[in-house]
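Chemist:
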Amino acid sequence: MYQYIARRLMLTIPVVLGVSIIVFSIIRMIPGDPARSIAGVNATPEFIQQVRVRYALDQPLPVQYGRFMADLLRGDLGNSIFSGRAVTTEIGERFPRTLLLATIALVIATMIGVSAGIVSATRRNSIFDNASMLVALVGVAAPVFWMALMLQLLFAVQLRLLPATGIGTIRHLILPSITLGTASAALMARITRSSMLDVLRQDFITTARSKGLSERLVVYKHALKNALIPVVTVLGLQFGILLGGAVLTETVFAWPGVGRLLVDAILRRDYPVVQGTVMLLAFLFVIINLVVDIVYAFLDPRIHYQSGTGE
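Positions 143 to 453 (the working numbering) are the ones given, in order, by the sequence shown.
1. Give me the Cβ distance between residue 318 and residue 391, rounded to the nearest whole Å; I'm assuming they're in contact under 8 angstroms.
2. If you pair each beta-carbon of the region 224-243 with each one of the region 394-413, do three or more pairs fall below 8 angstroms?
3. For residue 180, count neighbouring Cβ atoms within 10 angstroms of its own Cβ and tell me buried if that reaches 16, exposed if not.
4. Determine which residues share a DSSP beta bridge with residue 221 and list them.
5. Which residue's Cα is closest to the Cα of residue 425: 172, 214 and 195?
6. How big is the Cα-Cα spacing for residue 258 and residue 372?
7. Rounded to the nearest angstrom, what separates residue 341 and residue 368 at their Cα positions?
8. For the candidate residues 335, 374, 343 and 414, whose alpha-carbon lies nearest to that of residue 198?
9. Given a cut-off of 8 angstroms on the beta-carbon distance, is the pair residue 157 and residue 428 in contact?
10. Starting from residue 346, trace the alpha helix (DSSP H) both ways and give me its first and last residue.
11. Give me, in chain order, the residues of the same chain whose beta-carbon lies closer than 7 angstroms to that of residue 449; leave out the 5 immediate sequence neighbours on both sides.
12. Got a sec, what are the start and stop residues for the alpha helix (DSSP H) residue 207 sits in?
13. Go through its chain and collect everything with a Cβ distance to residue 411's Cβ below 7 angstroms, but skip five positions before and after it.
14. From residue 248 to residue 320, what distance separates their C-alpha atoms?
15. From which residue to which residue does the alpha helix (DSSP H) around residue 283 run?
16. Leaving aside the five residues before and after residue 420 along the sequence, list all residues of the same chain whose C-beta is less than 8 angstroms from its C-beta, in chain order.
17. If you follow the alpha helix (DSSP H) that residue 300 is in, where does it begin and where does it stop?
18. In three-state terms, what does DSSP make of residue 381?
19. Among the residues of its own chain, which have a CB less than 6 angstroms from the CB of residue 417, if the five just before and after it don't count?
20. If we count the other Cβ atoms within 10 Å of its Cβ and call it buried at 16 or more, is residue 264 buried or exposed?
21. On the DSSP letters alone, give me the boundaries of the alpha helix (DSSP H) that residue 176 sits inside.
22. Tell me whether residue 307 sits in a helix, a strand or coil according to DSSP, three-state version.
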């Protein structure tokens, strides 16, 4: 187990390195001159050049990337070009809000998705099964920004029950967390249903029923545990997606999280903030995948992490 974890941690190095190269390259392909954006529209060419030299924007791209990686290895993500504050400080102030939003969205998605999937599997081809799978299909297909606007229109504008934007109370969390968790709930419902149906056809379920066990005990003690492995996979991946995918949700609801910070940084050509934010999200995604793999061993004793493979 420990050798497997160490090996997976080592594999994160080329992944993070690849992400850093891609992010560094793409951000510099965005049209516009960041030095001119910082200096202002009325700045003189001399002042623009001074800004370019100050932030090393006049250096060749390989040199800029080398400096970025050297700082990254020291845990220094640089300073924001726009605010002048440390990128770690900027992210540190915003990340807890994004983490809170993603966690609540994941809890909502898990409760609704897993419950709906279990009931649909145990009542296959019933009205509830067909209706829940239809709703799940709509939930997966509906764009996040459209869902956000519809919820704002209904609950904030028409019914005036919840605030449309901002942060402050638990009521401000309801609409963005539902918006963010809807697609995940729909996906988890479909995965749970499919996995449960597959497990319920197994011979050991037939044996458990032949012993006279109640249907509730068969479903929740024997079938559900074995059906959770693909669900855990989706659960872990969805948490990483929710952390990185909160950009649209935070923008629509004016939620001051990492996603909103990333959008503002892209519009301002704030290279250090964009690079630091994306690197953090990529690293978290890799770590979450590692945690999901480790959880496998506790859910299914048939899975063993040997020296050569993860099976």
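Ideal placement from N, C-alpha and C gives every residue a C-beta, glycine not left out.
Modeler: Let's see:
1. Sure, about 5 angstroms apart at Cβ, within 8 angstroms.
2. Inter-segment contact for the region 224-243 and the region 394-413 is present: three or more beta-carbon pairs are separated by less than 8 angstroms.
3. Classification for residue 180: buried.
4. DSSP output for residue 221 lists 228 as bridge partner(s).
5. Nearest in C-alpha terms to residue 425, of all of 172, 214 and 195, is 214.
6. C-alpha separation (whole angstroms): 16 angstroms.
7. Rounded to whole angstroms, the gap between the alpha carbons of residue 341 and residue 368 is 7 angstroms.
8. It is 414 whose Cα lies nearest to the Cα of residue 198.
9. In contact: residue 157 and residue 428 (Cβ atoms closer than 8 angstroms).
10. Unbroken alpha helix (DSSP H) run through residue 346: 345-352.
11. At residue 449, the pLDDT of 45 sits below 50, so the modelled position is not reliable and the matter cannot be decided from this model.
12. Going by DSSP, residue 207 is part of the alpha helix (DSSP H) stretching over 203-215.
13. Once the five neighbours on either side are set aside, the close Cβ partners of residue 411 are 172, 174, 176 and 179.
14. Residue 248 and residue 320 have their alpha carbons spaced roughly 9 angstroms apart.
15. Element bounds for residue 283: 269-283.
16. Here the set comprises 161, 165 and 404.
17. Residue 300: not part of any alpha helix (DSSP H); DSSP gives it neither H nor E.
18. Residue state, collapsed to three classes: helix.
19. Short of 6 angstroms from the beta carbon of residue 417, and not among the five residues preceding or following it, lie these beta carbons of its own chain, in chain order: 165.
20. By the neighbour-count definition (other C-beta atoms within 10 Å, threshold 16), residue 264 is a buried residue.
21. From DSSP, the alpha helix (DSSP H) with residue 176 extends over 176-181.
22. The three-state secondary structure of residue 307, taken from DSSP, is coil.
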